[in-house]
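Protein chains in written order, with the UniProt record's numbering: chain A, 1 to 345; chain B, 1 to 345; chain C, 1 to 345; chain D, 1 to 345. All residues carry an ideal CB built from backbone N, CA and C; glycine is no exception. Note that the structure is predicted; figures quoted are calculated from it, not measured.
There are 4 protein chains.
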Amino acid sequence: MIVVQLKDHCSSLDIARVCDHQERRGGQVRVVSGPQGPCVVSDGTGVDKSLGQLPSVKSVSSTKSSYPMASLEVFGPQKPLDLGRGMSIGGGKMAVMAGPCSVESREQLLETAKGVASSGASVLRGGAFKPRSNPYSFQGMGVQGIDLLKEAREETGLPIVTEVMSPEDVEWLAPQVDILQVGTRSMQNFPLLKALGKVRTPVLLKRGMSATVDEWLQAAEYILAGGNSRVILCERGIRSFDKSTRNTLDLSVIPLVKSMSHLPVIVDPSHATGRRDLVAPMCMAALAAGADGLIVEVHSRPEEALCDGPQSLDLPAFDHLMGRISRLMEALEPEATPWSLKVAM
Amino acid sequence: MIVVQLKDHCSSLDIARVCDHQERRGGQVRVVSGPQGPCVVSDGTGVDKSLGQLPSVKSVSSTKSSYPMASLEVFGPQKPLDLGRGMSIGGGKMAVMAGPCSVESREQLLETAKGVASSGASVLRGGAFKPRSNPYSFQGMGVQGIDLLKEAREETGLPIVTEVMSPEDVEWLAPQVDILQVGTRSMQNFPLLKALGKVRTPVLLKRGMSATVDEWLQAAEYILAGGNSRVILCERGIRSFDKSTRNTLDLSVIPLVKSMSHLPVIVDPSHATGRRDLVAPMCMAALAAGADGLIVEVHSRPEEALCDGPQSLDLPAFDHLMGRISRLMEALEPEATPWSLKVAM
Amino acid sequence: MIVVQLKDHCSSLDIARVCDHQERRGGQVRVVSGPQGPCVVSDGTGVDKSLGQLPSVKSVSSTKSSYPMASLEVFGPQKPLDLGRGMSIGGGKMAVMAGPCSVESREQLLETAKGVASSGASVLRGGAFKPRSNPYSFQGMGVQGIDLLKEAREETGLPIVTEVMSPEDVEWLAPQVDILQVGTRSMQNFPLLKALGKVRTPVLLKRGMSATVDEWLQAAEYILAGGNSRVILCERGIRSFDKSTRNTLDLSVIPLVKSMSHLPVIVDPSHATGRRDLVAPMCMAALAAGADGLIVEVHSRPEEALCDGPQSLDLPAFDHLMGRISRLMEALEPEATPWSLKVAM
Amino acid sequence: MIVVQLKDHCSSLDIARVCDHQERRGGQVRVVSGPQGPCVVSDGTGVDKSLGQLPSVKSVSSTKSSYPMASLEVFGPQKPLDLGRGMSIGGGKMAVMAGPCSVESREQLLETAKGVASSGASVLRGGAFKPRSNPYSFQGMGVQGIDLLKEAREETGLPIVTEVMSPEDVEWLAPQVDILQVGTRSMQNFPLLKALGKVRTPVLLKRGMSATVDEWLQAAEYILAGGNSRVILCERGIRSFDKSTRNTLDLSVIPLVKSMSHLPVIVDPSHATGRRDLVAPMCMAALAAGADGLIVEVHSRPEEALCDGPQSLDLPAFDHLMGRISRLMEALEPEATPWSLKVAM
């Protein structure tokens with residue numbers, strides 16, 4: 001495929017001219033908003049020198065990648081992605097998202113939110129719409145849960161992330177929250193991914209529990225190709241034969257994805273392991289592997305949690321973990337992962 | 001099952017009395033040499049107070065574990081395990097084993113051995129008997145390879161580890177090397193494990209590529225129950241649906257195994273990932289997760305390797321990695337993993 | 001949980017009385033339309049003898065199952081499920097669904113439809129909305145494809161099955177087709193399953209590519225608990241480490257599911273194997289294992305298919321297969337699977 | 001690689017001349033006994049017309065296969081393989097092997113042996129050396145078990161199959177039994193495979209629980225390249241994420257392997273499913289998929305079995321199954337699988 005990077009401040013008419021120039025030569029094109037401004041993606045039919053000579057064209061890249069918008073090769077290294085409230089992730093910025101699996105009550109959420117904020121979390125997580133395997137299980141507080149998250153944001157100043165499950169919820173939910181999460185069961189929910197391409201809210205795209213890295217990046221490409229360039233990848237464990245942990249955390253994908261894509265990638269050790277005592281070591285391991293951040297389940301009273309209590313840290317354990325993380329990050333500082341990769345190659 | 005820990009310096013006759021005492025009551029017993037001296041393991045039949053009152057009995061522990069000799073519950077935390085040549089592993093001692101996948105020539109091995117020694121490796125690895133999927137592939141240098149490893153040991157002062165594939169090789173190979181490796185395909189080669197229980201050479205037991213943690217610890221139990229208490233576990237990646245890495249490195253088992261067993265556990269990121277550029281980040285991740293050490297493929301000329309070249313580090317990359325590791329270990333120092341686990345629980 | 005089977009012809013008021021009776025005792029209830037008429041499902045709180053004595057209550061069953069509406073234990077063996085146009089499936093009726101992966105043109109669809117009809121297929125399959133891993137791939141003909149399927153139905157008299165991907169498509173699509181398919185990537189798309197619970201069109205629920213049998217039956221329960229009792233299960237292969245076939249066809253689930261649920265279960269050997277030459281043997285195997293039917297990709301010109309050509313049978317191969325199937329079914333006739341299972345137990 | 005098929009009745013000197021001819025040209029060669037008599041396998045170096053013109057050379061085939069001796073391409077369709085006592089398998093001959101998981105007592109074995117013989121089994125199975133995950137579990141009756149199997153053979157006239165676990169057992173065990181079984185944990189026990197290449201006893205090679213089809217055929221190649229052409233493959237279920245059955249029976253490999261290799265392939269539904277009630281349907285499915293036979297666990301008193309009782313059929317259930325099988329085989333008769341595959345292609 002061909003990615004045509006357009007010059008800054010070019011008008012809709014300029015863009016239309018680039019499209020027309022390719023369509024006249026039989027090419028199929030679409031306009032997408034790339035990390036460095038508007039691009040035209042073409043199937044490459046009838047591409048010749050004349051394309052690069054158009055006044056509004058900055059550069060023309062050809063790629064064999066099945067996810068050109070997500071590829072490192074085409075767009076180069078990431079810049080930090082703004083999460084709102086002064087927080088950002090990627091491009092050297094590490095962010096820890098923390099909070100309860102599901103919003104259960106005003107008291108539970110605010111208590112937990114204040115706790116994780118004071119320990120140095122960057123983002124508050126909390127589920128309002130819960131995907132549950134069983135139709136008779138607690139399905140989340142819904143809209144009321146969103147209101148509580150917004151209240152907690154005002155209290156703590158932390159941006160909020162919550163899961164969206166249905167395409168028709170994207171439009172109304174996007175303005176309410178700072179990050180929209182796509183759960184592991186929805187990674188290939190293509191109507192949902194298309195809807196998320198139409199908004200500008202950052203999307204946290206969890207890896208499907210049996211998705212290959214290639215399928216994961218193509219799922220991100222659905223959102224990017226739709227026009228939303230704000231995508232964060234999240235490894236949360238894959239399905240394997242071994243049930244000694246809830247899932248199998250696949251940390252090798254951290255440096256692997258960073259060698260393929262410019263998108264930030266974080267790790268969810270809580271769903272991956274399903275065991276509180278394994279969360280802290282796996283947080284350390286994820287960051288040592290070069291992850292751009294973490295998403296951790298924290299509950300002010302894990303023993304009372306309606307959902308995922310056994311894998312939730314309590315506030316003192318989270319505070320202790322954040323101390324270990326800051327010492328770790330200093331030790332990792334000197335060599336950023338990309339450089340060490342170059343050396344190792 | 002019941003584990004009877006005997007007092008130090010107790011005689012064969014003392015041990016026989018304990019066995020007899022149980023057999024008279026219908027119990028099935030076996031004498032094993034535990035990490036804290038000789039033990040009698042019994043199926044528990046006819047156990048009563050009188051057993052604890054025998055003069056040579058130090059303690060009596062009952063366990064539901066299917067691997068009593070390997071279990072943390074019965075024997076408590078590990079002590080460092082002596083690897084010879086002044087090196088040790090476990091109980092707070094971290095060891096890096098490095099060297100080529102297979103011994104290919106005198107020059108290749110000595111060049112690589114000197115390189116890894118000068119960068120601070122603790123053990124030299126090298127395969128002389130190679131398990132190959134295809135009968136027509138290079139099967140290793142055999143006995144000649146062992147001689148070259150011994151020469152390299154003299155040159156560098158590093159203890160040596162090599163793979164043993166056949167029960168009849170154990171007796172003659174054990175005195176030649178410092179550590180005997182059991183490969184992933186042999187983890188449940190029970191005749192081999194029984195033969196290894198009869199020697200006193202430390203055994204590096206790699207996890208089977210589709211073995212559960214429970215099967216892995218029971219495989220270790222075969223060696224321990226045979227009388228050899230010197231077992232080191234090694235995670236080397238499991239089989240999953242995703243082929244973007246050679247195997248899927250399952251780092252969650254590091255803290256998991258440490259919560260179940262007193263045996264040291266190390267990580268092999270070379271076979272796990274199959275990609276040179278992923279080895280360094282996964283080494284860092286393994287140690288951050290609490291691993292007692294690493295085994296890394298290093299080759300003085302990876303491009304000329306007969307086997308696994310694409311996953312081998314060259315000497316400068318290994319040296320650079322060792323520098324990063326030492327800085328990492330300092331940052332991890334303050335809290336040993338076990339304690340942080342306690343906090344997180 | 002408690003399932004209260006109500007008597008036939010009982011009024012809304014009768015149903016309300018049963019609900020009220022339980023709610024007064026603190027129970028949570030929902031009314032669902034079971035395979036034998038309306039039921040009240042309750043969490044069991046405050047259930048006593050008085051419940052069974054209510055005039056409109058036919059029976060009260062208690063179950064530990066996480067999918068009471070789908071369970072064989074509660075509702076007993078299946079009856080044939082009407083698919084329209086005189087076709088049915090389950091309860092001893094075997095049905096073969098056949099057609100192209102995707103509707104590509106009027107000529108392609110009609111040619112294929114007439115071919116499979118004349119060979120004895122019971123249902124015409126064809127995708128109009130295609131879930132594709134890559135956003136730049138052909139996404140199906142959409143509404144136009146539905147119109148072509150309806151035309152093919154008129155031409156051949158075969159009921160039609162097509163995939164629905166989005167909750168908002170369910171309401172308008174349900175009246176157009178005879179069976180709505182839920183693809184493997186949507187098995188846990190809970191908003192979609194809830195929408196399908198509100199219509200009365202039969203639903204073909206494919207197993208998720210990494211779904212356990214328990215998760216699969218709970219996904220069916222979402223549709224059943226929503227009020228739509230017309231669910232057909234479809235095994236289409238799971239993800240495993242072995243890529244010598246596209247997926248791993250898990251035929252053991254056929255007798256397994258039949259021992260757990262009253263729902264009909266069919267097999268898709270085309271997506272499971274991804275290889276035309278394996279489709280016929282796997283069709284035979286599926287029926288010998290006791291499947292209630294098959295869904296097979298057939299294309300009048302496989303070499304020209306826009307999607308899944310390599311796994312599509314051509315018309316002569318499908319016709320030959322149908323001949324083998326009819327001879328096989330005669331040989332299987334004498335002992336229905338359930339009975340042989342009893343014997344084997 | 002190059003496979004040189006030699007003419008019948010050619011002398012050792014003739015063979016030596018062919019080897020010499022290639023070695024002079026720098027080729028690496030080995031002599032193997034192929035299904036159609038002696039062959040010379042060469043790496044292809046320096047092969048030219050002159051090779052085919054040597055008097056003792058019947059044909060010269062070149063192949064890219066990593067398992068030339070096992071490949072259908074090189075050697076064409078299988079002939080029936082003689083199992084002794086008038087029984088054979090493959091090339092259109094179907095064989096059912098049946099008996100207890102392990103030999104437990106004279107009474108148990110003889111009772112079961114007579115039962116399966118009278119129901120029409122072709123081979124008696126029974127384990128004397130048992131691979132057990134736990135070192136404290138029953139490890140089999142050993143040599144005494146072999147003697148009981150031989151007695152049962154005299155009583156019933158059925159050839160016997162039993163597992164061999166250690167290379168040093170091959171030489172003495174081979175003359176005692178009719179078929180030597182390689183268990184799933186030993187599929188890549190290369191010293192064992194090499195030892196089995198040196199005898200002429202048929203080998204039943206079970207697929208490793210996480211082995212790809214390619215690895216399985218290369219494991220067979222070890223035996224074939226060693227000089228033993230009598231290999232039978234056995235699919236017994238692979239490891240997957242789903243634990244609703246003990247393993248996942250991968251029946252698609254039956255037609256797949258038959259399209260790649262001339263070796264007979266059978267199915268073990270007992271270990272695959274781990275559930276008695278699933279064994280009969282999976283036997284039917286395996287044969288409908290084109291398997292050359294079955295190996296089924298049968299016990300005269302399953303409730304008293306020391307090992308695998310829950311998956312063992314009792315004698316009446318086995319007798320009933322054999323009746324269903326004979327009716328099924330008649331219905332499958334008209335079209336042998338290979339031909340239908342050609343049609344489907």
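Where the alpha helix (DSSP H) containing D/Arg324 begins and where it ends:
Sequence index remark: in the fourth sequence, residue 324 of chain D carries index 324 (1-based). Its alpha helix (DSSP H) spans residues 315-332.
Using a Cβ-Cβ cutoff of less than 8 Å, which residues in the same chain neighbour B/Arg26 once the five nearest sequence positions on both sides are dropped?
Locating residue 26 of chain B in the second sequence gives position 26, where the first residue counts as 1. Looking at the sequence provided, one finds Gly at residue 26 of chain B rather than Arg. If we look at B/Gly26 and ignore the five residues flanking it on each side, its Cβ neighbours are Thr45, Gly46.
What residues in the region 232-251 of chain C have a beta carbon less than 7 Å from any beta carbon of chain D?
Result list: Ile238, Ser240, Phe241, Asp242, Ser244, Thr245, Thr248, Leu249, Asp250, Leu251.
Can you look up B/Pro38 in the DSSP assignment and give me helix, strand or coil?
Position 38 of the second sequence, counted from the start, is the residue given in the question as residue 38 of chain B. Correct three-state label for B/Pro38: strand.
Counted within 10 angstroms of its Cβ, other Cβ atoms place B/Phe138 as buried (16 or more) or exposed
Looking up residue 138 of chain B in the second sequence gives position 138. B/Phe138 comes out exposed.
Decide yes or no for the touch test of the region 137-151 of chain A against the region 30-44 of chain A: beta carbon pairs closer than 8 Å, at least 3 of them.
no
Grouping DSSP H, G and I as helix and E and B as strand, with all else coil, what is A/Thr63?
Position 63 of the first sequence holds residue 63 of chain A. A/Thr63: coil per DSSP, three-state reduction.
Inter-residue spacing [alpha-carbon to alpha-carbon] between C/Leu6 and C/Pro38:
Residue 6 of chain C sits at position 6 when you count from the first residue of the third sequence. Residue 38 of chain C sits at position 38 when you count from the first residue of the third sequence. Those two C-alpha atoms are separated by around 6 Å.
Looking at C-alpha atoms only, which residue of A/Met87, A/Glu330, A/Leu204 is the closest neighbour of A/Ile266?
On the first sequence, residue 266 of chain A is found 266 positions in, with the first residue counted as 1. It is A/Leu204 whose Cα lies nearest to the Cα of A/Ile266.
Helix, strand or coil for A/Gln53, going by three-state DSSP, please let me know.
The residue you call residue 53 of chain A lines up with position 53 of the first sequence. Here A/Gln53 sits in coil by DSSP.
Using a Cβ-Cβ cut-off of 7 Å (strictly less than) and excluding sequence neighbours within five positions of D/Ser118, which residues of its own chain qualify?
Position 118 of the fourth sequence, counting from 1, holds the residue named residue 118 of chain D. Cβ neighbours of D/Ser118 beyond the five flanking positions: none.
With 16 other CB atoms within 10 Å as the buried threshold, where does B/Met284 fall?
Position 284 of the second sequence, counting from 1, holds the residue named residue 284 of chain B. Around the C-beta of B/Met284, 16 or more other C-beta atoms lie within 10 Å, and the residue is accordingly described as buried.
Listed by chain order, chain B residues near A/Met187 by CB distance under 9 Å
On the first sequence, residue 187 of chain A is found 187 positions in, with the first residue counted as 1. In chain order: nothing, as chain B lies at least about 14 Å away.
Considering just the uninterrupted stretch of the beta strand (DSSP E) at A/Lys206, what are its terminal residues?
For this step, residue 206 of chain A is matched to residue 206 along the first sequence. That run of the beta strand (DSSP E) goes 203-206.
Could you spell out where the alpha helix (DSSP H) holding B/Cys307 opens and where it closes?
Counted from its first residue, the second sequence places residue 307 of chain B at position 307. Premise fails: B/Cys307 is in no alpha helix (DSSP H) and is neither H nor E.
Rounded straight-line distance, which links the Cα of C/Ala128 to that of C/Gln144
Translated into positions along the third sequence, residue 144 of chain C becomes position 144. Translated into positions along the third sequence, residue 128 of chain C becomes position 128. In a straight line, the C-alpha of C/Gln144 is about 8 Å away from that of C/Ala128.
Among residues of its own chain, excluding the 5 on either side of B/Arg125, which ones have a beta-carbon nearer than 7 Å to its beta-carbon?
The residue given as residue 125 of chain B occupies position 125 in the second sequence. So the list reads Met97, Ala98, Gly99, Val161, Ile295, once near-sequence residues are dropped.
Straight-line CA distance for A/Met94 to A/Ser88?
On the first sequence, position 94 is the one that residue 94 of chain A refers to. On the first sequence, position 88 is the one that residue 88 of chain A refers to. Each residue's Cα considered, the two are about 8 Å apart.
Rounded to the nearest angstrom, what separates A/Asp169 and C/Met165 at their Cα positions?
Taking the first residue of the first sequence as position 1, residue 169 of chain A is located at position 169. Taking the first residue of the third sequence as position 1, residue 165 of chain C is located at position 165. Computed Cα separation, rounded: 15 Å.
Who pairs with C/Val96 in a beta bridge, going by DSSP?
As a position in the third sequence, residue 96 of chain C is number 96, starting the count at 1. C/Leu294, per the DSSP bridge assignment.
Run the CB neighbour count on C/Gly52, radius 10 Å, all protein chains shown included, and call it buried at 16 or more, exposed below.
Residue numbering aside, residue 52 of chain C sits at position 52 when the third sequence is read from its first letter. The residue in question, C/Gly52, is exposed, as its Cβ has fewer than 16 Cβ neighbours within 10 Å.
Closest Cβ-Cβ distance between B/Phe75 and chain D: below 7 Å?
Within the second sequence, the letter at position 75 stands for residue 75 of chain B. It does not: the Cβ of B/Phe75 has no partner Cβ on chain D nearer than 7 Å.
Fully enclosed by the region 79-136 of chain C, which alpha helix (DSSP H) runs are 4 residues long or longer?
106-119
Taking buried to mean at least 16 other C-beta atoms within 10 Å of its own C-beta, is D/Met329 buried or exposed?
Here residue 329 of chain D refers to the residue found at position 329 when the fourth sequence is read from its first residue. Classification for D/Met329: exposed.
List the residues of chain B that D/Met141 touches, going by C-beta distances under 7 Å, in chain order.
Reading the fourth sequence from its first residue, position 141 is the one you call residue 141 of chain D. Correct list: empty, because the minimum Cβ distance to chain B is about 16 Å.
Can you grab the Cα-Cα spacing for the pair C/Ser102 / C/Asp308, in whole Å?
Sequence index remark: in the third sequence, residue 102 of chain C carries index 102 (1-based). Sequence index remark: in the third sequence, residue 308 of chain C carries index 308 (1-based). Computed Cα separation, rounded: 9 Å.
Taking 7 Å as the CB-CB limit, is D/Thr212 close to chain C?
Here residue 212 of chain D refers to the residue found at position 212 when the fourth sequence is read from its first residue. With respect to chain C, the C-beta atom of D/Thr212 has a partner C-beta closer than 7 Å.
Are A/Ser210 and C/Met209 closer than 7 Å when you measure CB to CB?
As a working mapping, residue 210 of chain A is identified with position 210 in the first sequence. As a working mapping, residue 209 of chain C is identified with position 209 in the third sequence. Yes, Cβ-Cβ distance for A/Ser210 and C/Met209 is below 7 Å.
So, at 8 Å on beta carbons, what are the nonlocal neighbours of D/Arg246 in its own chain, with the 5 sequence-adjacent residues on each side left out?
Taking the fourth sequence and counting its residues from 1, the one referred to as residue 246 of chain D is at position 246. Cβ neighbours of D/Arg246 beyond the five flanking positions: Gly237, His271, Ala272, Thr273, Gly274, Arg275, Gln311.
List the residues of chain C that A/Asn228 touches, going by C-beta distances under 9 Å, in chain order.
The count along the first sequence starts at 1 and reaches residue 228 of chain A at position 228. None at all; the shortest Cβ gap to chain C is about 12 Å.
A/Pro316 burial status per 10 Å Cβ neighbour count (16 or more: buried)
In the first sequence, the residue the question calls residue 316 of chain A occupies position 316. When all chains shown are included, A/Pro316 counts as exposed.
Any beta carbon of chain D sitting closer than 7 Å to that of C/Pro281?
Within the third sequence, the letter at position 281 stands for residue 281 of chain C. So yes, C/Pro281 belongs to the interface.
Give the straight-line distance between the Cα atoms of B/Thr337 and A/Val279, rounded to the nearest whole angstrom.
Numbered from 1 along the second sequence, position 337 holds the residue referred to as residue 337 of chain B. Numbered from 1 along the first sequence, position 279 holds the residue referred to as residue 279 of chain A. Summary for B/Thr337: the model assigns pLDDT 43, below 50, so the residue's position carries little reliability; its value from the coordinates is reported in the next sentence. About 12 Å.
Quick check on D/Val29: does DSSP put it in helix, strand or coil?
On the fourth sequence, residue 29 of chain D is found 29 positions in, with the first residue counted as 1. DSSP places D/Val29 in strand when its eight states are reduced to three.
Would you kindly report the start and end of the unbroken beta strand (DSSP E) that includes B/Thr162?
The sequence position of residue 162 of chain B within the second sequence is 162, counting from 1. It spans 160-163 - the beta strand (DSSP E) in which B/Thr162 sits, taken as one unbroken run.
Helix, strand or coil for C/Gln5 per DSSP?
For this step, residue 5 of chain C is matched to residue 5 along the third sequence. If DSSP states are grouped into helix, strand and coil, C/Gln5 belongs with the strands.
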